[in-house]
Ligand SMILES: Cc1ncc(C[n+]2csc(CCOP(=O)(O)OP(=O)(O)O)c2C)c(N)n1
């Protein structure tokens, strides 16, 4: 990757714009790339993931679909096995219920079932996450559910730079990639302002490798391993804790499949304490997997039992006070870190 | 079949409109100066049904105690017309402990077992559920019916087609109501649906299908009457597609740029002033009554909002309750 232009270096855009830009660059490069989904055309995607693409590429390559997720996700699979590179949008990840057969039993399994003979180079992108009272059918993250099922990569960017680079990697990947973007990291004008959702993004194409975690902030006392919007919450917590002389290392996992287990182990070997933060349901999910990784690979380094903060196995409630009670936030992370240090 | 009551129907449409108008106002009131979907006393997505009142009023006029409705993400008009308590529903929309669902469900997840009313944010999710409710009514030898409501966009979801076949196969007392408001968010029907009328699709399942034009409450009443009578008589399901109007955005905050010139004529097509005028012309409504009917509706809505805002919020830890029975 070479970015030399100083104007480019200064350019700051939102995560949503960065995703759309990544798709647009690949569409220019490769005529087999196309986009389909609900309201991805003139509207530009409900969450802006296809902003300006319709204007540039037109209705043949940026296709509004009926509300027929099984139909158009299945069609994406078909186009992919014929060698095209579809980028298909499932508007909210919560809607997976109407199309999970195509995602799990088809998209994710074809390569294996075919003995490696058939590739499915498709990106399924989808919005996730809560925090704005959209209730239990529009606020889930569910990445752990998909990560549990073999055969699809699961990418979850937390910032604009990664969003673009991971999108380009996802489109070029020969495997099905589920690309989950949290609504709270997108920089949407109609959601609570989040300064971390805007950042430097080079104009040129570049890739961010899928399966490599990033250290979002270096620290020495506790590793906070997390993903997506919770990375922002952890960074906020780090600022707070720093005032009290506590240094946390924030590890942005960036993808669940593949999971960068080495990065988890490296950080835990350094800090000796692990807190995992996840905006997904607690049981049978990411927090358990990351902690198991640490216990299996760095047991002797741990000075305290690893801890976790996640949704306490209830659907996401509507009312703000109820929802805030179940979501991870900076205060909970601060408290979690402190209790790990006194454990 | 029931007798159609023009004045009552007008009143009910006005009641719903006043409700939606006030929710619209309250929803935006405290999202200033920076509009934030999660802010204010009513946070989250808000899908209002202004313009679609004739569908709810024309259909629900035939329903009686024990009849069920499954509504979609745009549920208020059917909820109110079916007798869901306005205060409890409003308190739910305000996320209060006194709400229909104790603040857990919100505007897209209103559950009122007393009135067999429910709604859902997943497109077409209610269609098969209505079949199951109708199945229970039939097994228990009641003459109750289930009404499954959703937009024309929902008629392209698999669940819709599976439900139609089930209902036809088992001759269930279901009325499938499609509110065709021309748009599914930004996608016009012509870009989503290969047939112009969903009524034609009913034939594929061997059940009657009609399309009602013009958002006309009286014509809707007629069509729904035939379907409800047929269902109560044990003759099976029917489908009604109602050509209606989405007066406002898909959700609040929707700038609707995609609607283009069509948006300019929306107010002219508003069914309520049009119906008022026709009743005035018939001599069945006076200008004075128009004012008093609106005022009465306003007062009821005021009281509901008062009830909601003065109700306590749930206790945060109540989030952990009710996962299981
Ligand atoms: C399975 C599923 N897919 C997509 C959505 C997102 N969505 C919500 S409303 C809507 C449009 C619905 O259009 P229509 O059925 O015509 O009803 P209208 O909103 O016009 O009343 C869409 C696509 C959803 N809620 N569920």
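Chains as they are written, first to last, in my numbering: chain A, 1 to 343; chain B, 1001 to 1325.
Idealized CB from N, CA, C, for every residue including glycine.
The structure displayed is predicted, hence computed values, not measured ones.
If you draw a 10 Å sphere on the C-beta of residue 228 of chain A, you find 16 or more other C-beta atoms in it, and that means buried. Bridge partners of residue 124 of chain A according to DSSP: A:88 and A:178.
Residue 1289 of chain B has its Cβ no nearer than 7 Å to any heavy atom of ligand 1. For the options B:1191, B:1188 and B:1160, the alpha carbon positioned closest to that of residue 1204 of chain B is the one of B:1160. DSSP lists B:1188 as the beta-bridge partner residues of residue 1183 of chain B. Within the stretch 59-88 of chain A, contact with chain B at the beta-carbon level (separation under 7 Å) is assigned to 64, 66, 67, 68 and 70. Only buried fits residue 1125 of chain B, as 16 or more other CB atoms lie within 10 angstroms of its CB. Neighbours of residue 137 of chain A in chain B, taken as residues whose beta carbon is under 8 Å from its own, are 1108, 1109, 1120, 1121 and 1122 in chain order.
According to the DSSP assignment, residue 255 of chain A belongs to the beta strand (DSSP E) that extends over 255-257. Relative to ligand 1, residue 1153 of chain B has its C-beta within less than 7 Å of a heavy atom.
Among the residues of chain A, none has a CB under 7 Å from the CB of residue 1310 of chain B; the nearest is roughly 16 Å distant. Chain-ordered, the chain B residues with CB closer than 9 Å to the CB of residue 43 of chain A read 1185, 1186, 1187, 1257 and 1258. Against chain B, the CB of residue 143 of chain A has no partner CB under 8 Å away; the residue lies outside that interface. The beta-carbon separation of residue 219 of chain A and residue 240 of chain A, rounded to 13 Å, does not stay under the 8 Å limit for a contact. For residue 1270 of chain B, the secondary structure class from DSSP, reduced to helix, strand or coil, is coil. By the neighbour-count criterion, in which 16 or more other beta carbons inside 10 Å mark a residue as buried, residue 1195 of chain B falls on the exposed side.
For residue 311 of chain A against residue 331 of chain A, the beta-carbon gap comes to about 16 Å, at or over 8 Å, which does not count as contact.
Chain order gives the chain A residues near residue 1192 of chain B as 64, 65, 66 and 67, where near means a beta carbon separation below 8 Å.
From the listed residues B:1082, B:1072 and B:1217, the smallest Cα separation to residue 1065 of chain B is found for B:1082.
In the DSSP assignment, residue 164 of chain A falls within the unbroken alpha helix (DSSP H) covering 160-172. Of the candidates A:162, A:74, A:92 and A:144, A:162 places its Cα closest to the Cα of residue 20 of chain A. Residue 276 of chain A: member of the beta strand (DSSP E) spanning 274-281, first to last residue. Taking a cut-off of 8 Å on C-beta distances, the stretch 1176-1184 of chain B does not touch the stretch 1094-1107 of chain B, as fewer than three cross pairs fall below it.
Bounds of any alpha helix (DSSP H) do not take in residue 199 of chain A; it lies within the beta strand (DSSP E) bounded by 198-200.
Below the 9 Å Cβ cutoff, chain B contributes 1122, 1123, 1124, 1125, 1157, 1158 and 1159 as neighbours of residue 98 of chain A, in chain order. Secondary structure note for residue 64 of chain A: its beta strand (DSSP E) is the uninterrupted segment 62-64. For residue 153 of chain A, the enclosing beta strand (DSSP E) begins and ends at 153-155. A contact is defined here as three or more CB-CB pairs under 8 Å, and the stretch 1064-1080 of chain B fails this definition with respect to the stretch 1274-1293 of chain B. Of the heavy atoms belonging to ligand 1, at least one sits nearer than 7 Å to the Cβ of residue 1184 of chain B. Close to chain A, meaning a Cβ-Cβ distance shorter than 8 Å, are the following residues of the stretch 1032-1056 of chain B: 1034, 1035, 1036, 1037, 1038, 1039, 1043, 1044 and 1045. Annotated three-state conformation of residue 226 of chain A is strand, per DSSP. The beta-carbon of residue 242 of chain A is placed no less than 8 Å from the nearest beta-carbon of chain B.
Annotated as distal: residue 1048 of chain B and residue 1079 of chain B, with beta-carbon spacing of 8 Å or more. For residue 1239 of chain B, the enclosing beta strand (DSSP E) begins and ends at 1238-1243.
In terms of Cα proximity to residue 188 of chain A, the closest of A:110, A:49, A:321 and A:306 is A:49. The straight-line gap separating the alpha-carbon atoms of residue 1227 of chain B and residue 61 of chain A is approximately 43 Å.
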